[in-house]
Amino acid sequence: MSARELIVGIDLNRNQPQICYYEREKENTVTAPMKVGNDMVSFREILDGVENLVHDFPDEKERERRRDELEETAAETMRKALYTLGLNDPGSQIVGITITVPVLTRPIVHLVKSIYRQLGLAKARAFLQDYKESCFYHTIYQKRELWNRNVGFFIFEGEKVSFLSMSMNPQTRPVTFTMEDGITISLKEDRSLWDEQFYNMINASLRQNMYSCIFLMGDTFDRSWAGRSIALLCRAGRKVFVVDNLYARGACYTAQEKVVQRKFPDCLYLGDEIIRNNIGMKMYLQGRETYYPLIAAGVNWYEADKICECILIGKEHELRFLISRMDEKDQKVSVMELPELDDRPDGTTRLRIHLSCESSKRCVIEVEDLGFGDMYPATGKVWREILEE
Amino acid sequence: MSMAVLCQVKRADHPFYIRDIDLNIYSIEELCYFVDHNLALVEEDFFDDALIGWIGEELQDHNFVRTLERIRKEGVQPLGRMLHALNAETGWIYVQDREAFEKTLDGNRKLPGPERLRLRADSLVGYGKYTKAIEEYKRILGMEDLEGLGEQFLGTVYNNMGVTYARLFEMDEAINCLRKAYDSIHSREALRNYLCAVYLARGTEGFENSADELKADKETRETLLSEIKDRKLPEPEGDINSLLGEWVREYHRETAR
């Protein structure tokens, strides 16, 4: 493997983590299970651990200690797995990386960010997404005719089969894509009934909608039992693919798109994790009043993080935030009061503003009084406000 | 409605030390605020290698450094243009009336050297840097071209120097200076300041003796003594600062140009 300029996608799951890498020099994409030496890597314990932290460790200090332990173990495991692939210095050898997980939760986001930090992978080239977004990136990196209509995904996880539908709205600029969860069924114990069950599920899922392509994923699916279902899937010229590495490949395409290629600047995925509001402030820049964006709609909530500093001018101890929906022009004003902020001469209060998100609909604003050097020392007062959709 | 001004230049990890007033500054905004409010303390060589180096290394504001270096190289009214550039860098947030600011800058530039030095010394008094201020007042008195500035100027210097000595509780020096101030100006205010210092140092008897010496009439000395006592000095030592501070402000009001 080339030791430089690698683009990596990792499917971080409990059962079978996968890695997909793209060598720019050879233009070659490879997908493989994650291994350390000859042993398969498992993140089960770590993922279970971080998701159950609050339950298992009610004491906050104890919880933090355990979190640190788990995050260190995760980073070390990831480092060893990358080393097995010949990457001994991920920080300098990887130009772009995306880790994809089934569902994004705050503990998982924290874990992945910590892994990136420990591996020396900067925010600008290290991304995180859920499976749905991986499906989106995987799809748009296929031939255009495969996604000029809806795209369907049947996901087999043991006896459970679920459906996911990707649709596009070409009327907007950028063109927007959404993923919609469909029905879920449980396959019966009797395998001879599976084809019938799945056939009915396909009918109920696709209905009269136009699908240009269907992806089938998961170990339980097998052509041997699905003859009638496959015939139905292939009807009306639909292309059907059975894939076992879609999430890792999708993650790899994401890194490729965001860091290197930018083939689809006019395509926007509107996932559940996407923030739909723009948040900004009117600020003076070089003496002119200007709209200054803090959080831009269209980014994932866990990637939205903005810190800036400002000088407060005027008598009111408050900051005004402007909020607008991504598809609307009207702006709403949200005033954040700063009670007990010291009275000082005009222009001698410096504030640090930190915006981060707890979900796509919940933004946290923290404002800290930085004072004004030795003239008006910082009080360290912090104000916190939640903006909720 | 309050407004926010975006800080586009990072804060310094290590401050720049303004020796005159013993102040550490950490940001371009603090620097700008300081100079805009203390023009008298900003001398021609204020933007020296140390300050420009700090702006480059600590604030990482390399564009501004290039501007300052270009102005310095061109050498035409460098201080005024540098202050202009500094205010532009922060969006003129500390100057409400640019025209008035320009006038003050221009006025300061045209002031004779001793006048500029007096403003500087007065500013130092305002910051409580009495020893430094006295050094500057002495520098003024040692200058050769004072005659053209008139008795009023000399009287102002002695008055302010006297008040500064009083703040250091060097009352003999204070009385000496305030007497010279009165001899130069012959105003009622100067008389009151002098007699007040005498009263604080030597009590009522000293006050009366000095008033006799200056041939102050009965009415004047009674009024002055009442004024001094009205300032309520139950503990002269504790209140002397506020009283003297009041003198300085009053005197500046009286002698403002």
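Protein chains in written order, with our numbering: chain A, 8 to 396; chain B, -11 to 245.
Cβ atoms here follow ideal geometry from the backbone N, Cα and C, with glycine treated the same way.
- Task: Assuming residue 178 (chain B) and residue 169 (chain B) form a contact by the criterion Cβ under 8 Å, report the distance between their Cβ atoms to the nearest whole angstrom.
- Result: Residue numbering aside, residue 178 (chain B) sits at position 190 when the second sequence is read from its first letter. Residue numbering aside, residue 169 (chain B) sits at position 181 when the second sequence is read from its first letter. Here residue 178 (chain B) really is in contact with residue 169 (chain B); their C-beta atoms are around 5 Å apart, less than 8 Å.
- Item | Proximity to residue 5 (chain A) [Cα-Cα], best of A:146, A:198, A:286, A:248 | This structure leaves residue 5 (chain A) out entirely; chain A is present only between 8 and 396.
- Just the chain A side, please: which residues come within less than 8 Å of residue 21 (chain B) by C-beta, in chain order? Taking the first residue of the second sequence as 1, we reach residue 21 (chain B) at position 33. Within chain A, the residues near residue 21 (chain B) are 354, 355, 379, 382.
- Query: Rounded to a whole number of angstroms, what is the C-alpha to C-alpha distance between residue 26 (chain B) and residue 104 (chain B)?
  - Reply: One-based indexing of the second sequence puts residue 26 (chain B) at position 38. One-based indexing of the second sequence puts residue 104 (chain B) at position 116. In a straight line, the C-alpha of residue 26 (chain B) is about 12 Å away from that of residue 104 (chain B).
- Helix, strand or coil for residue 55 (chain B) per DSSP? Residue 55 (chain B) sits at position 67 when you count from the first residue of the second sequence. Residue 55 (chain B) sits in a helix when the DSSP states are folded into three classes.
- What first and last residue would you give for the beta strand (DSSP E) that runs through residue 284 (chain A)? Within the first sequence, numbered from 1, the residue matching residue 284 (chain A) stands at position 277. For residue 284 (chain A), the uninterrupted beta strand (DSSP E) segment begins and ends at 284 to 292.
- Residue range of the alpha helix (DSSP H) that includes residue 204 (chain A): On the first sequence, position 197 is the one that residue 204 (chain A) refers to. Taken as a continuous stretch (DSSP letters only), the alpha helix (DSSP H) holding residue 204 (chain A) covers 201 to 213.
- Task: Please state whether DSSP places residue 174 (chain A) in a helix, a strand or coil.
- Result: Position 167 of the first sequence, counting from 1, holds the residue named residue 174 (chain A). Looking at residue 174 (chain A) - three-state DSSP - the assignment turns out to be strand.
- Message: On a Cα-Cα basis, can you pick out the residue from A:304, A:87, A:250, A:276 that is closest to residue 137 (chain A)?
- Response: For the purposes of this step, residue 137 (chain A) is taken as the residue at position 130 of the first sequence. Among A:304, A:87, A:250, A:276, the Cα nearest to that of residue 137 (chain A) belongs to A:276.
- Task: Please say whether residue 212 (chain A) and residue 143 (chain A) have beta carbons closer to each other than 8 Å?
- Result: Within the first sequence, numbered from 1, the residue matching residue 143 (chain A) stands at position 136. Within the first sequence, numbered from 1, the residue matching residue 212 (chain A) stands at position 205. Result no, Cβ atoms of residue 143 (chain A) and residue 212 (chain A) do not sit closer than 8 Å.
- Query: So, helix, strand or coil for residue 183 (chain A), using DSSP?
  - Reply: The residue given as residue 183 (chain A) occupies position 176 in the first sequence. Here residue 183 (chain A) sits in strand by DSSP.
- Spatially closest choice to residue 216 (chain A) from A:225, A:387, A:373, A:243, by CA coordinates: Locating residue 216 (chain A) in the first sequence gives position 209, counting from the first residue. Residue A:243 is the option with its Cα nearest to residue 216 (chain A).
- Query: In three-state DSSP terms, what is residue 107 (chain A)?
  - Reply: Here residue 107 (chain A) is taken as the residue at index 100 of the first sequence, counted from 1. Under the three-state reduction of DSSP output, residue 107 (chain A) falls in the strand class.
- Between which two residues does the beta strand (DSSP E) harbouring residue 300 (chain A) extend? What you label residue 300 (chain A) is simply residue 293 of the first sequence in a count that begins at 1. Per DSSP, the unbroken beta strand (DSSP E) holding residue 300 (chain A) starts and ends at 295 to 302.
- Query: Helix or strand or just coil, what does DSSP make of residue 266 (chain A)?
  - Reply: Here residue 266 (chain A) refers to the residue found at position 259 when the first sequence is read from its first residue. Residue 266 (chain A): helix per DSSP, three-state reduction.
- Item | In chain order, each alpha helix (DSSP H) run of at least 4 residues that lies wholly inside the segment 15 to 82 of chain A | For the segment 15 to 82 of chain A, whole alpha helix (DSSP H) runs of length 4 or above, ordered along the chain, are 51 to 58, 60 to 63.
- Cα-Cα separation between residue 221 (chain B) and residue 188 (chain B), rounded to whole angstroms: Locating residue 221 (chain B) in the second sequence gives position 233, counting from the first residue. Locating residue 188 (chain B) in the second sequence gives position 200, counting from the first residue. With a pLDDT of 34 at residue 221 (chain B), under the threshold of 50, the modelled position of that residue is not reliable, and the figure given next carries that caveat. So the two alpha carbons sit approximately 9 Å from each other.
- Query: Would residue 108 (chain A) count as contacting chain B if we go by Cβ distances under 8 Å?
  - Reply: For the purposes of this step, residue 108 (chain A) is identified with residue 101 of the first sequence, where counting begins at 1. For residue 108 (chain A), no Cβ of chain B is located within less than 8 Å of the residue's own Cβ.
- Does the beta carbon of residue 291 (chain A) sit closer than 8 Å to a beta carbon anywhere in chain B? Along the first sequence, read from residue 1 onward, the residue named residue 291 (chain A) stands at position 284. Yes, its Cβ sits closer than 8 Å to a Cβ of chain B.
- Message: Mapping the DSSP letters down to three states, classify residue 213 (chain B) as helix, strand or coil.
- Response: One-based indexing of the second sequence puts residue 213 (chain B) at position 225. Three-state result, residue 213 (chain B): helix.
- Message: Please state the DSSP three-state secondary structure of residue 133 (chain A).
- Response: Here residue 133 (chain A) refers to the residue found at position 126 when the first sequence is read from its first residue. Correct three-state label for residue 133 (chain A): strand.
- Work out the CA separation of residue 98 (chain B) and residue 91 (chain B) for me, nearest whole Å. The residue labelled residue 91 (chain B) in the question sits at position 103 within the second sequence. The residue labelled residue 98 (chain B) in the question sits at position 110 within the second sequence. Taking the Cα positions, residue 91 (chain B) is about 10 Å away from residue 98 (chain B).
- Looking at the unbroken beta strand (DSSP E) that takes in residue 329 (chain A), where does it start and where does it end? Start at 1 with the first residue of the first sequence, and residue 329 (chain A) comes out as number 322. Looking at the DSSP string, the run of the beta strand (DSSP E) that includes residue 329 (chain A) is 325 to 332.
- Task: Taking only beta carbons into account, state which residues of the segment 12 to 40 of chain B come closer than 7 Å to chain A, listed in chain order.
- Result: Within the segment 12 to 40 of chain B, the residues whose Cβ lies closer than 7 Å to some Cβ of chain A are 12, 13, 14, 15, 17, 18, 21, listed in chain order.
- Item | CA nearest to the CA of residue 53 (chain A), picked from A:334, A:339, A:105, A:79 | Locating residue 53 (chain A) in the first sequence gives position 46, where the first residue counts as 1. Scanning A:334, A:339, A:105, A:79 for the CA closest to the CA of residue 53 (chain A) turns up A:79.
- Query: Considering residue 126 (chain B), what are the terminal residues of the alpha helix (DSSP H) in which it resides?
  - Reply: Indexing the second sequence from 1 puts residue 126 (chain B) at position 138. 118 to 129 is the span of the alpha helix (DSSP H), which, as asked, contains residue 126 (chain B).
- Please name the residue or residues paired with residue 195 (chain A) in a DSSP beta bridge. Residue 195 (chain A) sits at position 188 when you count from the first residue of the first sequence. According to DSSP, which records beta bridges pairwise, residue 195 (chain A) is partnered with nothing at all.
- Candidates A:365, A:325, A:380, A:388: which alpha carbon is nearest residue -11 (chain B)'s? Residue -11 (chain B) sits at position 1 when you count from the first residue of the second sequence. Looking at the Cα atoms, A:325 is the closest of the given residues.
- What residue from B:145, B:167, B:117 has the CA that sits closest to residue 155 (chain B)'s CA? For this step, residue 155 (chain B) is matched to residue 167 along the second sequence. Answer by Cα proximity: B:117.
- Roughly how many whole angstroms lie between the Cα atoms of residue 20 (chain B) and residue 105 (chain A)? The count along the second sequence starts at 1 and reaches residue 20 (chain B) at position 32. The count along the first sequence starts at 1 and reaches residue 105 (chain A) at position 98. Inter-residue distance for residue 20 (chain B) and residue 105 (chain A) is about 44 Å (C-alpha atoms, whole angstroms).
- Report back the beta-carbon spacing between residue 125 (chain B) and residue 145 (chain B) to the nearest angstrom; my notes put them in contact at under 8 Å. Start at 1 with the first residue of the second sequence, and residue 125 (chain B) comes out as number 137. Start at 1 with the first residue of the second sequence, and residue 145 (chain B) comes out as number 157. Confirmed, Cβ separation roughly 6 Å.
- Could you check how far apart the C-beta atoms of residue 40 (chain B) and residue 56 (chain B) are, in whole angstroms? I think they sit under 8 Å. Here residue 40 (chain B) refers to the residue found at position 52 when the second sequence is read from its first residue. Here residue 56 (chain B) refers to the residue found at position 68 when the second sequence is read from its first residue. The Cβ separation is near 5 Å, so the contact holds.
- Closer than 7 Å by beta-carbon distance: list the chain B residues that pair up with residue 315 (chain A), in chain order. The sequence position of residue 315 (chain A) within the first sequence is 308, counting from 1. Within chain B, the residues whose beta carbon sits less than 7 Å from that of residue 315 (chain A) are -6, listed in sequence order.
- Please name the residues in the segment 134 to 157 of chain A whose beta-carbon is closer than 8 Å to at least one beta-carbon of chain B, in chain order. Residues: none.
- Query: Per the contact definition of three or more C-beta pairs closer than 8 Å, is the segment 25 to 43 of chain A in contact with the segment 56 to 73 of chain A?
  - Reply: The segment 25 to 43 of chain A and the segment 56 to 73 of chain A do not touch, with fewer than three beta-carbon pairs separated by less than 8 Å.
- Task: Please state whether DSSP places residue 43 (chain B) in a helix, a strand or coil.
- Result: Here residue 43 (chain B) refers to the residue found at position 55 when the second sequence is read from its first residue. Three-state DSSP puts residue 43 (chain B) in a helix.
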